[in-house]
Amino acid sequence: MPEHLALCPQCGLNVEETQPIKRRKNRPVRRLIDLEETIPIPLPQQEEEAPPSPTLWQRVRFVLVSLFIFLAMLLLSSALGIYAGYRQGEIERAARSATAAADHYARGLAYLDSGEYERAIAEFRYALQLNPDDPLAAQGLDEAMARLAARPTPTSQAREDITAELFARGEAAFQAQDWEPAIEALSQLRGFDPDYRRDEVEEMLCTSLYRYGMALLSEEGEDAPLEKGIFYLDQAQQICPLPQEALWEREMAHRYLTALGYWGVDWEQCIRRFEELYTLAPAYRDVYTRLYQAHVLYGDLWAEEGEMCPAAAEYARALELLQSDVLQQKRDQAAEVCAAATPTPIPPITGTLPTTNTYTIPDFRVGRLAYPAYNPQTGLYDIYILVAGGGGPVRIAAGADQPSWLWGSDRLIYRNLLAPGISLTQPGGQPVTLRADPGASSPTLSPDGSRYAYAAQDGYIYIARTDGTGEPEPVAPGWGPAWGPSGLLAWTGCDDEGCGIFIDNPDDDQPPRRLTSDRNDIGLHWHPNGEMLAYMSDHAGDWDLYLLHISGGVQVLVDTPDIDALPAWAPDGSALIFVGYRDDQWVIYLADPNGANARPIISLGDTMPGWTNQRISWAP
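Residue numbering for the sequence shown follows the working numbering, starting at 1 and increasing by one per position.
Pasting the structure below:
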């Protein structure tokens, strides 16, 4: 055999020897060159035998095992896909069931209203079969069964006597404002004889249902019968149209119950629902506390699972609502673990911007609205903005009020209550301090944004530059300035000849002109054409809204027995917004430009300290 070949011990073939192998017997040892004596050369491992080649069965077994693993993974993937599809199907079926249950609940209400109690019972029962947790359907079923049990039958008395007795009983309870007995008697009468004095019966019944429903919704505490209140308002709506205030209260109660239904079950949905409700009505019941607690409890849940990044984010959102040293420590600890555990940690949520939501205010279709809302937990106002088509209201500044937009810009000037003075938001939302003066108020920007006017504590209106150069220049004695789109500056003040609304062009040498004669003509807001001002005053003993033409002439815009205040025109002049005080609640109303057809869009709660000094701003 040639010297460079070797016999393979496994296959028996001659192979070329390319690396050192175990030396065979009787082969002479060839002497290497002298370098071998001076340079150590590592020897191959001579004790290890090459592993035996796998047998046919071993190869088959490997293939079978691999095939089994592949099939198992395929089956698992299929099972997961089937489960995901099943789960999605369950969600869709649940949604369809809820929709169908709502339809049957509405039919049950209609039958209940028409006195067909057996059919109402059937509809409510079917609604409960579709959605066993529907409290309104359960309430309807109880009501229908109670009315059916109490329905009179003309046996010993004549039919006329029964109807007359029911009418007298219902009328007496109605006059005494004893709503529940009135509802019971009048509902029995409608079921027994729907045509008996129909108009009177329906008017009394609708009023009783409306008043009783509103009374139930106004009850405080965790046990407040909100479902029952909603149910009675729904019944009233079957008979007659309800006032906007009732529809608003019904909507708020429904949103509150919906959010509460997710408590401890789905924290993301719960927080989202409470956030929507909080932006609409921050002082409604315990929404503020519930939202705060939901963020904390959701953060705790993440922390228990070892997920510190989302835990830190939830704690940060809770701290935006209410500062707490204990919670701040929890947030810092969670953020520290998050930063150490991930190469790119989630940045902590800071500042005043809360999570936005997708809820859209109906009928609000143009521009951007900025308004103050009082926070009873902090004792200060916060500023919210509402953008047409951009979802629900969003808080942009805590501890701030008296907002005023720069026309056609995202710059907003306002009074800062945390760092007392005047602040201005820059593009991107970052605020800068224009003036550190606790006595400065009612800031308003010039049309080009280079200057701003404000009222000082010494009783004068001043003008200063937004870039901080120069000293403020006095204009005139007064308060509540408003800079118009044409460059005219308006304010309320007094001079030697009297008090009222003054206008002036600060860039000429002409003296100011007084247009009204009452020092309570305040809350000025320019029409986008620059020729008119809306304002509020108490001429008639209560606060109403007025329209002032700068060429002369005043007319009433909104006149109700309640408070109507803080008007603001839409940037295209197509609508009017104002704040009204109705049924112990402050509400923002949206109306036609002449003040008609006012409907509530945002609740501000039951407290609004110093409301005459506040302002709403609406701009493109």
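Cβ atoms here follow ideal geometry from the backbone N, Cα and C, with glycine treated the same way.
Please read these numbers as outputs of a predicted model, since none were measured by experiment.
- Distance from the CA atom of A476 to the CA atom of Q402, rounded to whole angstroms, is 20 Å.
- Of the other Cβ atoms in all chains shown, fewer than 16 fall within 10 Å of the Cβ of H549; this residue is therefore exposed.
- When the Cα atoms are used, A339 and G306 turn out to be separated by approximately 13 Å.
- By the criterion of a C-beta distance shorter than 7 Å, R290 is surrounded in its chain by F274, once the five residues flanking it on both sides are discounted.
- DSSP, reduced to helix, strand and coil, places G379 outside both helices and strands of the structure shown, so it counts as coil.
- For Y210, the closest of V579, E180, M536, R411 by C-alpha to C-alpha distance is E180.
- DSSP places I271 inside the alpha helix (DSSP H), whose first and last residues are 267-280.
- The Cβ atoms of A303 and A334 sit closer than 8 Å to each other.
- Around the beta-carbon of R198, fewer than 16 other beta-carbon atoms lie within 10 Å, marking it exposed.
- Under the three-state reduction of DSSP, P481 is assigned to strand.
- Secondary structure note for D508: it is in no alpha helix (DSSP H), with a DSSP letter that is neither H nor E.
- Put simply, of D134, L109, Y117, D113 the residue whose alpha carbon is nearest the alpha carbon of A101 is D134.
- A440 sits away from I461, with the two beta carbons spaced by 8 Å or more.
- In this structure, G392 and L280 form a Cβ contact; the two beta carbons are roughly 7 Å apart against a cut-off of 8 Å.
- For I413, the closest C-alpha among the options E184, D286, S404 is that of S404.
- Within a 10 Å sphere around the beta-carbon of V287 sit 16 or more other beta-carbons, which makes this residue buried.
- Under the Cβ criterion (8 Å, minimum of three pairs), the segment 161-168 does not count as touching the segment 135-144.
- Under the DSSP assignment, L524 falls in the beta strand (DSSP E) whose first and last residues are 522-526.
- When DSSP states are grouped into helix, strand and coil, N594 belongs to the coil group.
- Around the CB of V579, 16 or more other CB atoms lie within 10 Å, so the residue is classed as buried.
- Three or more beta-carbon pairs drawn from the segment 514-532 and the segment 479-492 are found closer than 8 Å, and the two stretches are therefore classed as touching.
- DSSP places R599 inside the beta strand (DSSP E), whose first and last residues are 599-605.
- If you draw a straight line from the Cα of G191 to the Cα of I396, it is about 54 Å long.
- Secondary structure note for D401: its beta strand (DSSP E) is the uninterrupted segment 400-405.
- A straight-line Cα-Cα distance of about 18 Å links A110 and M204.
- Within the same chain, Cβ atoms closer than 8 Å to the Cβ of A591 are found at V558, A575, L576, I577, F578, N597, A598, R599, the five residues on either side in sequence being excluded.
- For Y262, the secondary structure class from DSSP, reduced to helix, strand or coil, is coil.
- DSSP places Y196 in no beta strand (DSSP E); its state is neither H nor E.
- In the same chain as G170, and ignoring 5 residues on each side of it, the C-beta atoms closer than 7 Å to its own belong to A182, A185, L186, L189, M204, in chain order.
- Looking at the DSSP output, Y581 shares a beta bridge with I563, W586.
- At least 8 Å separates the beta-carbon of Q430 from that of R411.
- Excluding five sequence positions before and after Q238, the CB atoms of its chain that fall closer than 6 Å to its own CB belong to L109, D113, given in chain order.
- In this structure, P481 sits away from S537, with a CB-CB distance that is not shorter than 8 Å.
- Three or more Cβ pairs closer than 8 Å define a contact, and the segment 237-257 meets that threshold against the segment 599-612.
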